[in-house]
Each structure stands twice: as C-alpha cells, then as structure tokens.
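Protein chains in written order, with this note's numbering: chain A, 1 to 289; chain B, 1001 to 1296; chain C, 2001 to 2367.
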C-alpha cells in the first residue's frame, strides 16, 4: 500500500515536471516568433547595402555593423519630416481628444440634465459603428472643405472616441459624491472642481487613455492615406509605404529596415516605460485601431 | 435647474459637435450615397435612386475576390488565433518564473506600427533574384522547395497574410485571456485538487466554462476585426491589392473611394454597407450561439 | 481516522524587497486529533490556522514535521491521495454546474476500478444530499441558492467521496447571524451522524465553543492551548487565551501580589496563597463580580443595562486596561445602583493571574 502510493506520487511528479518543461518550450517558441521579426529588422538595418545583397543565404548575424543605413534613411527620404508630422498629429489629436472627452465624461458622470440617459444610450450605440462606414463621407466632407493635405483635415475626424469617453465616465463615477457636495459647499465652481479634484484623482485613467490614443495615432494608416497625397504631410505609416514603393529603390532593404526601426522604437520605448498602464488599459477592452 | 441644464450641454457640446459631424451625419450620408445611382464626384450630381450600386458591386469580380479573401482570412485566423492564445495563456498562468518577461514580449506586436513591421515580414517571406529569404531557408533546411510568398501562388500569399494577421492580433487575445484566467477564484482549483481532478478535466470542466464569456467576447471582436482586415494586407503586398489578388472588402471600399481606381463614393458606400450587414449578421449569430452556450 | 501532527512547521519566503526573513506561518505544531472528533482551530486572522488546515489537506507542503492519518505518514502525499473532503470559505461551488453535477464531480474524477457506474454515482449523490437535506434542490444552479443552502451543497460535495477526514475553512463566516446558529447545529448533526473526524477553522470563539469537542487556540503559528471548550474557558493557559474566549470579554486589570494578597490599585481584593510577590495581570470574567456593600473593589458606576435574565453593570476603574469594565450579574441579585460608586467582591474561580512579561498563567490557591 505504502509503496503503491509512493509510485503514484512519483509518477505524478514526473508528469508535472514534463508538463512544465513542455510549457516552457512552447512559450519560448512563441516568444521567438514574436521577437524574431524585431531581431531581423535590427540586424538587417545594420548590414551594409553591399553585404546584404551579396547574401544569397541570409546570415543570422553581421560582423561589420554600419549606421550608414540610418544616415540614408534620414537623408535620401524625408523620414525626419514623416516623424515630425506624426508627432504633431499625435500630440494635437490626443490633446484635443483628452479635453473633449474629459468634458463630456464629466457631464455624463456628475451633472444632471434633462435627456441625459437618452443621450448616453445614443452615445453607446455609436461605439458599434465601424469606422469604415463613416470614412467615406468624411473623405468627401474634408475634400469639399478643401482641407486635404492639411493638419486640420488629418486631425479633426480623428479626435472623436466614444470608447474613451465611456472609460473616463466610468472612472469619474467612482469618485465619491461627497467630494462634489463638499466642493459645492465651499463655493467651488464646476470647472474648478473638475480641474482641481476630478482630474487629479482620475489621473491614472487619463494617462492610460492618453497613451492608448498616442499609440493609435502613431499607427493610423487609412485616414492619413486617404487625406494626404502630398509627401510633405505624410505620417510614418504612409511614409513607410511610400519608401517601400518609391523610396530608396526597391532593393535597398537595409535602409528600409533602418526606417522601420526608427519608426518602431518610439512606441516600444513608450510601451516599456508605461507597460503596466498600457496592458491594463487594453485589457479593459481597448481594441486596436 | 435650467442653468445647470445649460451648463451640462456646454460641457457636452464639443464632443457632440465632433460626433455629429464626423460620425452621425456620415452614417446617414453613406446610406444615401449607396442608393444614389450614377453619382459624379466632380459635379456632385446623380441620376436617380435605386439598388444599381449594390448590384454593380456584387457583380464586380474584384469585389467577389475581396469577399473570398476576407472570408478565408476570417475563417482561418479567428479560430487559430483564439485557440493559440488560449493555449499560450493557460501555459502562461501555470508558470511563475519568467512570466512577466513572457507577457511583455508577447505584447510587443500590439505597440508596433502594422505597416512598418509588415515590411519585415515581407522581406522574411519574399523570394527575389538576390535571395530566397529567411523563411525559404528554413523550408530548405527541412527539405522543402522554395516558394515566393509575396508574389507567388495564391495559397502562399494567403498563408503569409493569415500568419501576419495572427501575429498582430495575438497580444490582445493573450492579454484578455490571461486576465480572465487570473480572475478565476483559486479556490475552485484547490477544491478540484482535493478531489483529485485530472488536469484535462479541470481545464474542460472548470477553466473553460469559467472564462467562456471572455472567449466569446474574443471570438466576436475577432470576427469583427478580421472582417475589417486591410492594413496587414497593404503592409505585405503593397497598395495595389487588386493586382496582387489579395484585396479585402475594406481595401475594395478604399480603392473605390480613392487612388488609381477611385472616385466612386457610391460604389464604395454600397460595399461598405454590404460589409456592415455581413458583420452585423455574423455578430448576431455569434451572440445567439453564445447565449445558448455560455452557461452563466 | 486519527490525525497526528508532529512538529509541523511552515515557512513562507519573505515578500517584498527588504523582507529577507521568512514568514513563519506555523511553528512547531504538535497535537493529536482522535477518531471521530470535531476539533476547532481558533485564532485571530494570521494566526496560521488556515495554513494548518491546508497542510492537513495537502494543498501546502510543510517545511518541517510530519502528518499522520492513522498510522500512515501522509506528509508527502498529494491532496487527492489523502482521502480528505474540504469545504472552502466561499464554498467554491462551480457556478456553471447544477447541485447534482457539483456533488457528483469528485466521483467522476475517479478512474479505473475505483470508478462507479452512473447509477451508483447518482445514488451516492442523492444519499449525501439527503444527509444535508438538500435533495429537492438537486437541479438548481448554485447562484439560485441561499447562502445556507450553498453551504450544505459544499458539505455534500466534500462528503460524497466518503473521506476519512472533513476539513472546513471558516464554514460559517459568509452567513448571517441567524443562519450561522442554525448551520452550526447542522454541521454538528452531520458530523455526529457520519462520525467523521472533522477539523474546522474559525476566528469566532462562540462558534468554536458551541460545537467542537475540543478547541485548539493558535497565535502567530503557535498552539497556545488545546482542550475541551469549558476547560479552556475555565482554565486559560495565558492572557491571550483568556482574552480570546468569552463574550463579553474578560476584564483585565493591572495588579500586584504582595504578602499573599492581590492588590488592584490600593485595594486588597483577594487573598492568594503560594504566589511570590510580583506585578501581575489580573483577569476577571464578567460573571466573576459580586456586588456587595463592603466589596473590596470599588468602581465608578457608568450605567446599568437590563438584559432581562441578566443585568450588566458598566463601570470604570483606573487600573483596568479597557476603557470600561463589564460585569454580568443575575437579575435576582439586587445591586444598589443609586450611588455613583459600586463595590464588588470577586469570585476566586473567575479570577486569573498572569505573569506581567510572559503573560502566562500563575496558578494560585484561594484561601
């Protein structure tokens, strides 16, 4: 009996160890699949043009790294300009979005007005509208307003985000009512209360929303592509597409990879700094794009 | 009270203006566009009202190709990515050391520019005169023949597209599923252990039912997302997707709107409305099924 | 089934950056639980009682010591091989399964020759459900049951395997006060009926005293006292145990023994033999006060609460460690409460002396 149990116990322990090992192997394989493209783009970006083209069988490392490709990326094509445009676009859009959303969320969360429930329900139903449906008219509108190839045309339709208003409203509602009443007793105006009490208390959510919006702006492709055909207004996504099709000539892959690295690095740094916030925000239901 | 009323609307005003102008109005307008026949973009005139736009789109071989591509993409990527994400999340929650590291790595694709990293996938899979590319090297190692995944046969191109799409959507799914798994009360697992429940049975009888709402959420959003596939395809095959035979429904909409074949907002609208109807139908079916299947 | 714990120790690695030292949850615990006994592990939160339960169940592995079920050393056995049934604090009923499916669940885990046929399983489930009186709820989901009913289902699920040992982790803490009374009698009945050795964890001394054969009072991983409820109450081994048991709680004074006499403040309240002179803690149970005109202890009267059967006198005394001291006297005893001072004599059997530093009991003989 004793030995029997021992045998069962040992077998179970062996199975557990085996399963654990398999788990780590499986997880590592996926990690490799995720990381490999990043490694490859870094590697290729430091291979010289000549050596890259000489490799019929691609090599997994290089002994003579060069930064020439990065110089090319900024000189041969206006990569710096694309980056600048994207930064301007992302910063202004995000700022506007945050201000507009905070105001609306505050109205929904704290103020009483007639028709609030109805308006909020309509708001929520807007969340289900796919952007593909509205892009067509927006394209026509912006074209008719002569706003193509302007930052105004790029930014305005990108500001609205029902989801972030919803997220902020939920967060605002968690601030206890007593604070609002106390502030009222002290004669604090609504705007001041919002700015001095609500926003500081809800800062974590506001930061999360801001970061998510910046990521969204940095990666946006469809709208900028429709609305800009002047390379002076290209964002990075369109820039990289332009580089691919007309840039260095199709064959200068290393320079192209250097551009890809330059475009990818800011977001990866942002992610590594705000890792927890970003993952938490996305887990709460953020969808890409 | 009425000043309060006014003030509230004032706070709402900016958001309302943006939404009405860039979401509500366009929504109504796109339906109007889709039934205006022979709309001319330059003169902004049309002949009449009818369903011609829809019938044109439905008979356009490019559109049919796009629908076919999109459906194949959806049918392959949604189950594969959800299943794979489930497997990875379960593995992830069963380990302690290195878990954070893995989680961070797995999330990376979420914060990368789809277009930029798509280029990397392109050079990994592409076969040119100069090189067979990384992936073909692997295939050769295992004794296979080189294939051009970017300009080659249809199935190869579809494979890359699916592979890249899965690569891009995995972070979100892994994240949602790991947090769903983490929120299952550990007492259930303890109770199961005391009862000597085998691992597989714990998974199918306890874990899966507990996180089934999240799985269905992922399936639904996965369907919606996959039907809207576009930039992944552009990243791999360039902007002229029709020529590559890899266009998607959304791609067709944009091509109709703008670019070399563009200038037909009516056709674009009709295609967009068709897409919306497809997505809506599938979402409703999903919801119905999940109502029956998700047991609590 | 007899359970023997031998020098049982469980250390958890220290959490956080600076906490390098281990946290000792259970420290050198040894005692024996005889077959068919119902024993309560009692203590404040963090005293190691739940960890002890997890060690017995096998969900945690001890860092030292052995555990025996009967004569068999089961220290290294995993939980499913130990033959224990466990009821969790929040019941851990699977919300997506019906009551019947929940109860059958442990039986369905069995493989090979141990596996019962479907009919046998259902019969066993029904039999167990009858025992806890939930047979008419078999097709409901846990979400549709009241807290007390869920509790019974959890017990049924633990018992259906016919385990040698039943473990209950805070089984009553999620119930409201009325149900708690009913359910604890119910647990006692089921335990008596099945004769199963039962260990249950609680922080509620009322609960522990009322249904267990013996209680084990724990503090910071150490067993403070083990004994029958009345024994522990009448004979606390330390100030901690004395304070932990009894409602209303014991009144504690600072006092001193001088020349075989116990002083509280300046008043000589009780003659105590065989105690060397020293400062002491004096614990007096609320029922240990006798109001008397010439009582030795004089207290400032705050108020009187009439509780029907009893009268509770709330007063204060400068040497008392609590803000007020509470004494309970039977309603027939007329106490003179017109004055602002009330005087008590003390019943020697209800007075305990404790060492000032170690807080351990100092025995004395009343004169």
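Heads up, the beta-carbon is just placed ideally off N, CA and C, and yes, glycines get one too. Given the structure is predicted, the values throughout are model-derived calculations rather than measurements.
{"Item": "So, residue 2008 of chain C versus residue 2030 of chain C, is the Cβ gap smaller than 8 Å?", "Value": "yes"}
{"Item": "With a floor of 4 residues, list each alpha helix (DSSP H) that falls wholly inside the region 1087 to 1124 of chain B, ordered by position along the chain.", "Value": "1099 to 1107"}
{"Item": "State the beta-bridge partners of residue 2072 of chain C as determined by DSSP.", "Value": "C/2069"}
{"Item": "Which residues bound the alpha helix (DSSP H) around residue 157 of chain A?", "Value": "151 to 159"}
{"Item": "Using beta-carbon positions only, say whether residue 145 of chain A and residue 211 of chain A come within less than 8 Å of one another.", "Value": "no"}
{"Item": "I'd like to know whether the C-beta atoms of residue 1154 of chain B and residue 1245 of chain B end up nearer to each other than 8 Å.", "Value": "yes"}
{"Item": "Do you know whose CA, among B/1070, B/1219 and B/1266, lies nearest residue 1049 of chain B's CA?", "Value": "B/1266"}
{"Item": "Classify residue 2258 of chain C as helix, strand or coil using the three-state DSSP reduction.", "Value": "strand"}
{"Item": "Considering only the alpha carbon of each residue, which of C/2351, C/2313, C/2355 and C/2189 lies closest to residue 2342 of chain C?", "Value": "C/2313"}
{"Item": "Which of helix, strand or coil does DSSP assign to residue 2106 of chain C?", "Value": "helix"}
{"Item": "Count the other C-beta atoms from every protein chain shown that fall within 10 angstroms of the C-beta of residue 1109 of chain B, then say buried if there are 16 or more, exposed otherwise.", "Value": "buried"}
{"Item": "Using 8 Å as the threshold, is the C-beta distance between residue 109 of chain A and residue 192 of chain A below it?", "Value": "no"}
{"Item": "Under a CB-based cut-off of 8 Å, is residue 1141 of chain B close to chain A?", "Value": "no"}
{"Item": "Would the region 88 to 97 of chain A and the region 155 to 171 of chain A be scored as touching if the rule is three or more Cβ pairs under 8 Å?", "Value": "yes"}
{"Item": "Output, in chain order, the set of chain B residues within a Cβ distance shorter than 7 Å of residue 2105 of chain C.", "Value": "1195"}
{"Item": "Counting Cβ pairs, one atom from each stretch, are 3 or more of them under 8 Å apart for the region 2040 to 2050 of chain C and the region 2145 to 2164 of chain C?", "Value": "no"}
{"Item": "Between the region 54 to 73 of chain A and the region 117 to 126 of chain A, are three or more C-beta pairs nearer than 8 Å?", "Value": "no"}
{"Item": "Counting contacts by CB-CB distance shorter than 8 Å, is residue 1234 of chain B in contact with chain A?", "Value": "yes"}
{"Item": "Compare the beta carbon distance of residue 2094 of chain C and residue 1215 of chain B with 8 Å and say whether it is the shorter of the two.", "Value": "no"}
{"Item": "In three-state terms, what does DSSP make of residue 252 of chain A?", "Value": "coil"}
{"Item": "What first and last residue would you give for the beta strand (DSSP E) that runs through residue 2219 of chain C?", "Value": "2214 to 2219"}
{"Item": "State the CB to CB distance for the pair residue 1034 of chain B and residue 1270 of chain B, rounded to an integer number of angstroms; the pair is presumed to be in contact (CB under 8 Å).", "Value": "4 Å"}
{"Item": "Using the Cβ count rule (16 or more neighbours within 10 Å means buried), how would you classify residue 1138 of chain B?", "Value": "exposed"}
{"Item": "Identify, in the order they occur along the chain, each residue of the same chain with its Cβ nearer than 7 Å to the Cβ of residue 243 of chain A, setting aside the five sequence neighbours on each side.", "Value": "77, 256 and 259"}
{"Item": "For chain B, find out if any of its Cβ atoms is closer than 8 Å to the Cβ of residue 1 of chain A; answer yes or no.", "Value": "With a pLDDT of 46 at residue 1 of chain A, under the threshold of 50, the predicted position of this residue should be treated as unreliable, though the coordinate-derived value follows. By this cut-off, residue 1 of chain A is not an interface position."}
{"Item": "Scan the region 1253 to 1287 of chain B for residues whose Cβ lies nearer than 8 Å to a Cβ of chain A and list them as they occur along the chain.", "Value": "1253, 1254, 1257, 1258, 1265, 1268, 1269, 1272, 1273, 1275, 1276 and 1279"}
{"Item": "Closer than 6 Å by C-beta to residue 2121 of chain C: which residues in its own chain qualify, once you throw out the five before and the five after it? Chain order, please.", "Value": "2104 and 2107"}
{"Item": "Is residue 2092 of chain C close to chain B? Criterion is C-beta to C-beta, closer than 8 Å.", "Value": "yes"}
{"Item": "Can you tell me whether residue 1035 of chain B is helix, strand or coil according to DSSP?", "Value": "helix"}
{"Item": "At a CB-CB cut-off below 8 Å, which residues of chain A make contact with residue 2081 of chain C?", "Value": "5, 8 and 9"}
{"Item": "Since residue 2326 of chain C sits in a beta bridge, which residues does DSSP pair it with?", "Value": "C/2314"}
{"Item": "Could you tell me which residues DSSP puts in a beta bridge with residue 2268 of chain C?", "Value": "C/2263"}
{"Item": "So, does the CB of residue 2004 of chain C fall closer than 8 Å to a CB anywhere in chain B?", "Value": "no"}
{"Item": "Anyone know if the C-beta pair for residue 2248 of chain C and residue 2326 of chain C falls short of 8 Å?", "Value": "yes"}
{"Item": "Counting only Cβ pairs nearer than 7 Å, list the residues of chain A close to residue 1366 of chain B.", "Value": "With chain B running from 1001 to 1296 in the structure shown, residue 1366 of chain B is simply not present."}
{"Item": "Contact criterion: CB-CB distance below 8 Å. Does residue 23 of chain A meet it with respect to chain B?", "Value": "yes"}
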